[in-house]
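Residue numbers (this note's numbering), protein chains in the order written: chain W, 787 to 1130; chain Z, 18 to 261. Heads up, the beta-carbon is just placed ideally off N, CA and C, and yes, glycines get one too. Here's the structure we're looking at; comments come further down.
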Amino acid sequence: MQAFWACSLFTRGGMAVNVIEVKKLSKVYDNKTAVDGADFAVRRGEIFGFLGPNGAGKTTTINMLTGLARISSGQVRIMGQDYSSGVKKAQHLMGVVPDESNLYEEMDGFENLTFCAALYGMERKMREKRARELLEMFGLAQAGQKPFKAYSKGMKRKLTIAAGIIHQPEILFLDEPTTGIDVASARQIRKLVGDLNQGGTSIFLTTHYMEEAERLCHRLAFIVEGRIIRLGRTEKLMQEAQKENIVQFAFQGDGKKLQQLEERLPGVNRVEQMNESTARIYSSEAVDLVSLVDIFRENGFSLFEARVIRPSLEEVFVNITGIEHGRHGSGWAGAVAEEEVEIQ
Amino acid sequence: MKTWIAFWNILRKDMRNYYLKPPNISWGIIFPLSWTLMFFLRSPVAVEVRDLLPGVMALSILFGTTSMLAVTITFERKQRSFERLLMAPISLNLLMLAKTGGAVLFGVANAFIPVLFASFLTDLSGVRWGPVFGGVFLIAVTSTFLGLFIAVAVKEVFEAQTFSNFFRFPMVFLCGLFIPVQDLPAILQPLSYILPLTYGADILKMAVNGDGHLSMVFSFSLLLIFSALLFGLSTNRINQKWIS
């Protein structure tokens, strides 16, 4: 264990680069393993996405890291300090936004925020000032005196996030922050999350929205049946998922002749017609769009649009978790990005 | 970190959100009044207010604290707002003391409403107020911790209410509030002595009328032991069950 910390804790200017480091973290409930030997680190200033299907162990992991569940085995280091025996003494460093807004229904927005600030020992003047600032920042200044129960779902989420950051934590845990709210509120929340991260807050995010994870997260971990099966930088995972180059194009011409083009296009594995005016080219090599347009023209086709299709994170997720095929984690099983797991 | 700020604000929030709501204040007034009137109306012989006072005080505390705490904690767990408290950087013991502090204060306040009424109806001279305050406080503490014990055992708000009654109603009859423990059937008397309220009621009887049958030191000691035991058992269960 000494060796692990000695090699894993990389510091820069006396500050831990990793705000959270987890090694072989496990949780066993009634002989059922909910989290099985998880290894990961959340780096200072990043948004770390923790993705997985329902019941994969995401919330259990958050609960262990925030003190709502006891750690069965493994090591947890927060801001460079070992908290493997319990995170109570690190709770002042964390802000937690649970998957359901859990503020006090009878209290108004301002009271809820000042109460949450008091839980972290903030003085009255300071907590009132901070509550006003956050209400303003989250666009809730007009609703500050309204009881929480009168808030819309989106407003409730925003106030819950505000409550999570009132004490300016180093690490913010966001458990599905945009689930069940309208598009406009979700966009606002994503922007707020981005702004918070720009302001220096390290964020541990779980979400079911792949587009959200793709847009916000610097790195991702996929957890399935309690095991982290893949971990890496978001763009790297996306690249790895792209086994073929795909170009989609809109055309005008005889669709039946499309198959004949396969042989004339260098490196093309197959051409698939999607509908009467759209088709896709699947190629093992990078496709030169200029040559492509020329070949199509020579064969009597008019091309209106051609674009390179990249796999969405959803496809990456399905591929990694194997969730669509009823298998779990076979996509890249055994291929956990080791350089990522080995912290620093 | 200034943990007293967290402690005080949890206690203040509970007082404002739960205990100082109009329905609870009216309950605190109506409940002892109804019990006292019931004895006046039902008793074939003249009833001395002063004789009734210790029982009514103990009853007001018991009913004011036990279910209130059990219900509020179960309600907060159901709403998941209790998780927010568990994730705050204060120790579990301090958190639970803050949560129970509001109920204890509410129980103490409830106890003195019958005293206020009684002061208009009878002469309260000769009452030993020191032991009265001590007894009231410890009855409030043990009853509140009993509520906490119940809260840890249930999941739903209605269960908290039902389970509270399971303990409270037998205590009304077994703890010597209105029927002296010595007058109970011999088979029931051991039950009386395992209930903390028996000792609290005896302190109040001794302090108000001088007619308790146990030594005050013994009763105070047992109430302190009951308090420590109930609190310890409850926090231990919270640690085991809620931070599993």
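For a cutoff of 7 Å on Cβ pairs, would you count residue i as touching chain W?
i	result
D31(Z)	no
I90(Z)	no
M113(Z)	no
S232(Z)	no
N127(Z)	no
K258(Z)	no
P40(Z)	no
R101(Z)	yes
K172(Z)	no
S98(Z)	yes
A105(Z)	yes
N110(Z)	no
K116(Z)	no
K95(Z)	no
I22(Z)	yes
N182(Z)	no
Any Cβ of chain Z within less than 7 Å of the Cβ of residue i?
i	result
A820(W)	no
Q954(W)	no
V1054(W)	no
A904(W)	yes
G838(W)	no
V1136(W)	Only positions 787 to 1130 of chain W appear in this structure, which leaves residue 1136(W) out of reach.
I806(W)	no
N817(W)	no
G985(W)	no
Q877(W)	yes
F934(W)	no
E962(W)	no
N1105(W)	no
Along the chain, where does the alpha helix (DSSP H) that runs through residue i open and close?
i	result
E807(W)	Note, E807(W): premise wrong, no alpha helix (DSSP H); beta strand (DSSP E) at N804 to Y815.
M893(W)	Where M893(W) is concerned, there is no enclosing alpha helix (DSSP H), given that its DSSP letter is neither H nor E.
G950(W)	K939 to I951
I156(Z)	W146 to A170
V64(Z)	V64(Z) -> no alpha helix (DSSP H), and no H or E assigned at all.
V132(Z)	L109 to L138
T993(W)	Looking at the DSSP string, T993(W) is not in any alpha helix (DSSP H), and its letter there is neither H nor E.
I864(W)	Segment S859 to I864 is the beta strand (DSSP E) holding I864(W); no alpha helix (DSSP H) there.
L920(W)	R910 to M923
M223(Z)	P213 to N226
E1101(W)	L1099 to T1107
Report the CB separation of residue i from residue j in whole angstroms; it is logged as a contact under 8 Å.
i	j	result
F836(W)	F990(W)	6 Å
G124(Z)	M32(Z)	Not quite, the Cβ-Cβ distance comes to about 12 Å (not below 8 Å), so this is no contact.
K810(W)	S858(W)	Actually they do not touch by this definition, with Cβ atoms about 10 Å apart.
E1026(W)	L1099(W)	With 8 Å as the limit, E1026(W) and L1099(W) do not qualify as a contact, their Cβ atoms being about 12 Å apart.
A135(Z)	V66(Z)	5 Å
L165(Z)	L86(Z)	6 Å
I957(W)	I975(W)	In fact, because the Cβ distance is near 18 Å, the residues do not count as touching under 8 Å.
L926(W)	K944(W)	6 Å
V756(W)	P839(W)	Missing from the structure shown is residue 756(W); chain W here goes from 787 to 1130 and no further.
T252(Z)	M113(Z)	6 Å
Less than 6 Å between C-beta atoms, sequence neighbours within five positions excluded: which residues of the same chain meet that for residue i?
i	result
A917(W)	F896, L899 and T900
W231(Z)	Checking the displayed sequence, the identity of residue 231(Z) turns out to be Leu instead of Trp. If we look at L231(Z) and ignore the five residues flanking it on each side, its Cβ neighbours are D219.
I'd like the list of long-range same chain contacts for residue i, defined as Cβ closer than 7 Å, with 5 residues on each side in sequence excluded.
i	result
H994(W)	E962 and T965
E832(W)	S988, H1004 and R1005
G930(W)	D894, G895, F896 and L921
K939(W)	G966 and I967
M188(Z)	L79, L212 and L214
S261(Z)	none
L240(Z)	L155, T159, P213, Y216 and G217
G72(Z)	L194, F195 and A218
E1091(W)	F1035 and A1036
I130(Z)	G45, I46, P49 and S77
G1041(W)	Q1059 and E1062
Per DSSP, what are the beta-bridge partners of residue i in this structure?
i	result
I46(Z)	According to DSSP, which records beta bridges pairwise, I46(Z) is partnered with nothing at all.
K818(W)	Y815(W)
S871(W)	Note: S871(W) sits in no beta bridge, so no partner.
Y1068(W)	I1032(W) and R1056(W)
M880(W)	I957(W)
F834(W)	F990(W) and R1005(W)
Using C-beta distances below 8 Å, list every residue in its chain close to residue i, excluding the 5 sequence neighbours before and after it, in chain order.
i	result
E1180(W)	Outside the modelled stretch of chain W, which goes from 787 to 1130, sits residue 1180(W), for which no answer is possible.
Determine the extent of the beta strand (DSSP E) in which residue i is found, giving its start and end residues.
i	result
M1060(W)	V1054 to N1061
F1073(W)	The question names Phe, but residue 1073(W) is Val in the sequence shown. That residue, V1073(W), is in no beta strand (DSSP E); it is neither H nor E in DSSP.
S1088(W)	S1088 to I1095
Would you check whether the ligand FMN has a heavy atom nearer than 6 Å to the C-beta of residue i?
i	result
L978(W)	By its list of ligands, the structure shown contains no ligand whatsoever, and the ligand FMN lies outside what it can speak to.
Counting only C-beta atoms, is residue i closer than 7 Å to chain A at any point?
i	result
T946(W)	No chain A appears in this structure, whose protein chains are W and Z.
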